[in-house]
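Counting from 216, one number per residue, gives the positions in the sequence shown under our numbering.
Just so you know, even glycine gets a beta-carbon here, dropped at the ideal spot from N, CA and C.
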Amino acid sequence: MLRAGSNNAAYTGAGISTAAGIPDYASRAAKSTAVDPKTKAAGLVKASLLTMEPTVAHHTLAALERQGLLHFWLQQNHDGLAQKAGFPRDKVCEIHGSWHDREHNPVVKMS
Numbered sequence: 216m217l218r219a220g221s222n223n224a225a226y227t228g229a230g231i232s233t234a235a236g237i238p239d240y241a242s243r244a245a246k247s248t249a250v251d252p253k254t255k256a257a258g259l260v261k262a263s264l265l266t267m268e269p270t271v272a273h274h275t276l277a278a279l280e281r282q283g284l285l286h287f288w289l290q291q292n293h294d295g296l297a298q299k300a301g302f303p304r305d306k307v308c309e310i311h312g313s314w315h316d317r318e319h320n321p322v323v324k325m326s
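Listed below in structure tokens is the structure:
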């Protein structure tokens, strides 16, 4: 199916980054009814924001792109792990914005 497609896209949510140690909102909300967004963000930044690594899933999607089988990646995450895995920036749409936007929020250094 991928080989036959000329405009294949992937759509991923928060679950793709949970193996990298990034909690998804739904799981955290289920554990607590009073999650303070400032505390949550500060804890994540302190924990490993600058050292997070892409998961097997991120690397797999990047490999599919390099093979010409995946042409676009639409995701709900804003962690930059797609780009760290080697997926081209111009082929990723992070619909909620990005932590690694070089012009507006240079938090995560990209290679």
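Leaving aside the five residues that flank L285 on each side, the residues in its chain whose CB is nearer than 8 Å to its CB run, in chain order, L217, N223, A224, A225, L276, L279. The bridge partners DSSP lists for L289 are Y226, C308. Under the three-state reduction of DSSP, E268 is assigned to coil, being neither helix nor strand. By a beta-carbon distance limit of 8 Å, A229 contacts N292. Their separation comes to about 6 Å. Spanning the alpha carbons of F287 and I310 requires a straight line of approximately 13 Å. Within a 10 Å sphere around the beta-carbon of A234 sit fewer than 16 other beta-carbons, which makes this residue exposed. S221 sits exposed, since fewer than 16 C-beta atoms from the chains shown fall within 10 Å of its C-beta.
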